[in-house]
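Down below is the structure, laid out as structure tokens.
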Amino acid sequence: MATVKAIIPQQAKSKYLRACLLCSLIQMPMDFRKVGCPNCEEIMQMKGSPDRIAVCTTTYFDGIVAVIDPESSWVARWQRTSKYVRGMYAVRVKGRVPEDVEAELESRGIKYRPRDQTDQD
Amino acid sequence: MDIDDDYAMQEQESDPVQPENYEEEEVEQTRSEPKAGKVRGSIYDPLDDDDDEDEEEEEEEEDHRGRKRAKHRHRRNAVNRFLDVEAEVDTEEEDEEEEDDAGGDEFIAEPGFEGDEEDVNRRAAVNARLDRRERELNDQDLAKIAQNLHERYRSAGVRYTGDMNEVPQRLLMPSVHDASLWQVRVKPGRERDIVFSLMRKATDLEYTTQPISILSAFERDSLPGMIYVEARSAQQVNQACKGLVGVYPSRGVTLVPIEEMASLLQIKKQDLTVTPGTWVRVKRGKYQGDLAQVMDITENGEDVGLKFIPRIDLNPRDDASVDGRKRKKATAGVPTMRPPQRFFNYEEVVKVYGRKQVSKRNQVYVFQNDTYKDGFIEKDFKLSALQLDDVNPTLDEITRFTRGQDGAENENPVDLSIIAEASRKAAISVLQPGDHVEVFEGEQAGVHGVVDSINQDVVTVTAIGVDLEGQKVDVPARSVRKRFKPGDHVKVMTGQNADETGLVVSVSDNVITFLSDMSMQEVSVFSKDLREAAEVGSGTNIVGNYELHDLVQLDLQTVGVIFKTERDSFRVLDQNGQVRLVQPHQISMRRDSNRAIATDSEGHELRVNDNVREIDGETRKGRVLHIHQSFFAFLHNRDVPENGGVFVTRARSLASLAPKGNLVKPGTDLGKMNPHVAGGATTGGMVGSAMARGPRDRDIGALVTVVKGPQKGYVGIIKDTNGNLARVELHTGNKVITIDKQKLCRRLPDGTLLPLNKPYNPNVGQGGFKTPGAPARTPNPYAQATGGRTPGFTGGRTPNPYVNGDGRTPASKTPNPFGGDSGKTPAWNPSSRTPAWNASSRTPNPYQDGGKTPAWNASSRTPNPYANNGSPSWGNDGGRTPGSGYGRGWGSPSDNNTWGNSPARPADASYSSWSAPTPAAAPTPFSAPTPAASYSSAATPRTMGSAGFMHSAPTPGVSTADEDDSTPTWLLDPVFQNKKVLVEITSTLGTWHGGELNGAKGFVTSVFRTPGDTLIAIEHIDPGRAGTTVDVPINYLSPVRPEQVGDHALVLEGTDRGIEVILSQQVASEIWQVSKSLDSDMITCLETAMVKLHVK
């Protein structure tokens, strides 16, 4: 997986940074539009669709992790991003994925874990 | 069907039917192998990857139909595959049916068939294929596998699997095998940048010889000034951070203990949910701090629609709304005060901004891109720009909100539950054992009782009531509230109504309304803020910065004393006796009258806290609270019912209850009373005002230099003082600053600095008395007298001091009789033995100075004769009868006056002042203003002699009148007192009472002598003013002459001085034969030597 990586936003300060609600990856909205979310594009379908990006990502997140080596990083494992591409991830993302995505996840038998650290087990 | 069967069927298909395809089938299986391996355990494996299927499809173009069908099952785009499961199943079923119809290839269809039925079965099918593939693995062409792998990973779109979501978080806790977290100090505010930099650095150096070997790095918003780096060693961290700006590895790279690692990522801000109706506050911008109500929230919770009271600038800068460019400029400048909260009013806004600026759509106005509805502005805000916690809306704010634009009560009543909720937390802390509470929620709802004990959040309540009587119940503190019932007497403990007390009139949940004891108004407060209390609170006497009985400045002309404080206002009695209700903001300042002094009716000094009594009117007694301008005295007496016992009166109508010592205390340094000697406050006003310094500070007007603080070195003039503070108008920048007097130094004309608290004599700077031997520089030799030398002696050295002096004073321009005459008289000879010489020579001279000559006021160049006060020679004069001095000096002409009164009498001086025909009144010296002034003041020495002090010397104002020679100084003589002498107010020249009383006549009722001023109280006889009294400075009075037979008069001169006569016959012009009223003796008298008496 290390060969694939997300587009690293050029400006850390930008208030336009958005985090994917499903995998918490942080990109600029423009990058989401261009390439979608490298981790969950398949299910989120954000590529080329600003509307989708608006509902599937958020600016309301807290804490940023630079995941450099996802496979071996404990931080990535803890954040459940170790199977994802390397890139910038939010520690905590407020909000839930849209209902259709949630339903789809459910139909696939995937447990949806919101990224807002509300459920601890 | 079980796995083996499945496998067997596949085998069957490939082997007997199409052996030539076997190899191909093998390849296909191996292709799917890595995929299966990768996502092992996922039930979706068989449905993976379109590309694989496409390739297979191409390879198997010639393949049989059933096989194509099987492929078809997979051919779907990524979306539909996952979104459209049911449809897929249907298709498969169709496929199966078709296949069944065809009667072949069941084994291919089988797995799909299974999948339709149950996921478990599908998984079983997967496993079957997997097993087969594993068995065949040895036969695989490894190169091919690698190639396939490569192709797979190049393909776009990685399936989302949520692979780790099933794992409970606790199983993810770090272990000793994981890399460690290292805390690195960074520049606060740069955390994000540095984390991003680390990421980029890692990417850039990835394929270099020195790649960065850290695993991750993160920052938390709640942990400013630090980032955390995951690495195997601190050295790796240092290597990674090397060269990054804003990282401080020197401050230590600290290992985070393994048990704390997880919590770093678990830090969670208090999650604040926003729902419509929530109260929030705006964090930034024009509406900073304003309360707003949430109307709606966008789906992702980022934007919040708010409704709040707008702040529209109804006084925009000129052109601001017209010209965009200018507006930009205006806003770029100094930020103006933000407009007050005000409901949107269409008319108002249109009036200011013009009709074009406001448009109306439906019920909504649009103005400057904002929408306004019902007076509120409705605007979207980012959630991050809002303050969600500690909103604590006040009752006032919410009432204002709900009341709406027109002030009318809205449909929906105030929803206090929101604030109640917010304040409930605080309520816990105010509970105390013994409080009467009720449980309002939970199982015990409705129970009420007395708090027995409080243990953190649990309150033990001894219940009161039917079945629970006496039982102790534990309830959460947040579920109880204080209980009050109508009729309880309560006291407000906190909030803006604090200390109010009153009787509860109604209880509505936790809002209690009570009738205030103080204001008799209904006040609504939360029960948490209340306690039962028996006391009746009068509140505090302090509102704002002001306190009961403070002297406060209301406006430029008005001061008053607070005699009653109310909740947020005062009752103030002003100096005119009017009662005003003022708010604290209407008071411009508090006045300090601690050092103010006034003069009471007996000429005694009156100070704050003296106990006094009115001498007229109601003869009220009281303690002096404040003195204003040495004239008004505010008194306080608890026995006076009205105005809280405070009343205002004139200082001159007061008499001290405690007798005071003689006015001139022994040892009083008279020099200090002299404004010229004492200080620089010579900017005008009466001498008396400077002497009884009162509210005026003698430092006012002084040229000072700031010696400390940021303004150090600046030069300015003290404009005002208040206690220890001075307001200084700086020369530079025309700025007035308020500064501690300690930081100021008086700046002398020669540039040297003198601390303000040191007495300053302007003459000192000029070296006046330092050079006694240089009379040319000293305008008047008397100035040197401060040196302890009498002028007389000085005169010995300066042959003719007056010539010198005159040469400098403006007075010299007028013929100075003394300069000429005395220069020739032997009296001027230093060897003169005439004891009177001093007196006579002195007398004219002071008034050259003290007269209206500019020298008196402006340039202190002309030293004041009173500088001599301390000198022994002055004492001699005082002890002497100055009149006799006059007798010598001027006696000879009056010896042969026509009316033949004995000129040697001490009264001669004043006598001659009235004698126009006498040579003394000859035009030459006396008609000239200055000499006239000096002449009129000839009476002064006599006055001094009789009164025993010198302060009755006419003030400079005396000389402003041309008729000064008529100033009835004789009024001060006891023989003329209580005689109802008729006088006329003249010569005010508009300077006193605006000249309004010029010409008014009245009779003297009493005479006040004060230091520096002599006031005569006269009662008007003119119609219109009759019966009223007025205090008139003596120099504005002239005697009224008797003019017809039968007039009663007093003789002013001669042996019969002070005797009452009646005019009987006019002998000649201005000469009357009069009869004494006592013994009817007839004498002849000059008209000008008499004064008319008031006869009822």
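Keeping their order, the protein sequence lines are chains A and B.
If you're matching positions, the first sequence starts at 1 in our numbering and goes up one per residue.
If you're matching positions, the second sequence starts at 10001 in our numbering and goes up one per residue.
No residue lacks a Cβ here, since even glycine has one placed at the ideal position from N, Cα and C.
From a predicted model like this one, the values you see are computed outputs, not experimental measurements.
Mind pulling the chain B residues with CB within less than 7 Å of residue i?
i	result
Arg-113(A)	Asn-10165
Arg-77(A)	Leu-10172
Val-91(A)	Phe-10218, Arg-10220 and Leu-10265
Going straight from the alpha carbon of residue i to that of residue j, what length do you get?
i	j	result
Gly-10502(B)	Arg-10483(B)	15 Å
Lys-10242(B)	Val-10704(B)	59 Å
Lys-10712(B)	Val-10706(B)	5 Å
Ser-10656(B)	Arg-10623(B)	10 Å
Ala-11000(B)	Pro-11042(B)	16 Å
Val-10280(B)	Ala-10262(B)	33 Å
Ile-11021(B)	Gly-10701(B)	42 Å
Ser-11077(B)	Ile-11062(B)	6 Å
Val-10447(B)	Asn-10455(B)	19 Å
Gly-10644(B)	His-10604(B)	28 Å
Ser-10453(B)	Leu-10548(B)	41 Å
Glu-10614(B)	Val-10648(B)	11 Å
Arg-10475(B)	Gly-10277(B)	It is worth fixing the name first, because residue 10475(B) is Val in this sequence and not Arg. Cα to Cα, Val-10475(B) sits roughly 29 Å from Gly-10277(B).
Would you kindly report the start and end of the unbroken beta strand (DSSP E) that includes residue i?
i	result
Arg-10746(B)	10744-10747
Arg-10638(B)	Element bounds for Arg-10638(B): n/a, residue is neither H nor E.
Thr-10462(B)	10458-10464
Val-10195(B)	Counting along the chain, Val-10195(B) falls outside any beta strand (DSSP E), though it belongs to the alpha helix (DSSP H) covering 10191-10204.
Met-10493(B)	Note, Met-10493(B): premise wrong, no beta strand (DSSP E); not H, not E.
Glu-10230(B)	10226-10231
Asp-10720(B)	10715-10722
Val-10450(B)	10448-10455
Tell me whether residue i is buried or exposed, calling it buried when 16 or more other Cβ atoms sit within 10 Å of its Cβ.
i	result
Asn-10734(B)	exposed
Ser-10222(B)	exposed
Phe-10631(B)	exposed
Arg-115(A)	buried
Glu-10020(B)	Note on Glu-10020(B): pLDDT 44, under 50, position unreliable in the model; the coordinate value appears next. With fewer than 16 other Cβ atoms within 10 Å, it is exposed.
Pro-50(A)	exposed
Gly-10449(B)	buried
Gly-11024(B)	exposed
Gln-10236(B)	buried
Asp-10555(B)	exposed
Leu-10142(B)	exposed
Tyr-10228(B)	buried
At a CB-CB cut-off below 9 Å, which residues of chain B make contact with residue i?
i	result
Lys-27(A)	According to the sequence shown, residue 27(A) is Gln rather than Lys. Correct list: empty, because the minimum Cβ distance to chain B is about 12 Å.
For the alpha helix (DSSP H) containing residue i, list its first residue and its last residue.
i	result
Gln-10288(B)	Taken as a continuous stretch (DSSP letters only), Gln-10288(B) belongs to no alpha helix (DSSP H), as it is neither H nor E.
Asp-31(A)	29-35
Glu-10348(B)	10346-10353
Pro-10276(B)	Neither: Pro-10276(B) is in no alpha helix (DSSP H) and is coded neither H nor E.
Ser-10263(B)	10258-10266
Met-46(A)	Note, Met-46(A): premise wrong, no alpha helix (DSSP H); not H, not E.
Glu-10614(B)	First-last for Glu-10614(B): 10611-10614, but that is the beta strand (DSSP E), not the alpha helix (DSSP H).
Glu-10134(B)	10119-10136
Using a cut-off of 7 Å between C-beta atoms, extract the partners of residue i located in chain A.
i	result
Met-10199(B)	Ile-8, Ala-66, Ile-68 and Met-88
Ile-10214(B)	Ile-68
Asp-10178(B)	Trp-74
So residue i contacts chain B; which residues on that side make the cut at Cβ distance below 8 Å?
i	result
Arg-52(A)	The premise fails here: Arg-52(A) is roughly 12 Å from chain B at the closest Cβ pair, so nothing lies under 8 Å.
Answer with yes or no whether the minimum CB distance from residue i to chain C is below 8 Å.
i	result
Thr-10402(B)	Here the protein chains are A and B, and chain C is not one of them.
What in chain A is Cβ-close to residue i, meaning under 9 Å?
i	result
Glu-10522(B)	By Cβ distance, chain A contributes nothing, its closest Cβ being about 45 Å from Glu-10522(B), past 9 Å.
Thr-10203(B)	Lys-5, Ile-8, Ile-68 and Arg-86
Residues of chain A with CB under 8 Å from residue i, in chain order?
i	result
Val-10195(B)	Ala-12, Ile-64, Val-65, Ala-66 and Met-88
**OP:** Could you tell me which uninterrupted beta strand (DSSP E) segments, each at least 3 residues in length, are contained entirely in the segment 10371-10410 of chain B, listed from first to last along the chain?
**Re:** Whole beta strand (DSSP E) segments, 3+ residues: 10376-10382.
Original post:
Curious, which full-length alpha helix (DSSP H) runs of at least 4 residues does the segment 66-108 of chain A contain?
Top reply: Listed in chain order, they are 74-78 and 99-107.
**OP:** Pick out the complete alpha helix (DSSP H) segments inside the segment 11022-11052 of chain B, 4 residues or longer, and give them in chain order.
**Re:** Assignment of alpha helix (DSSP H) within the segment 11022-11052 of chain B, counting only whole runs of 4 or more residues, yields no such run.
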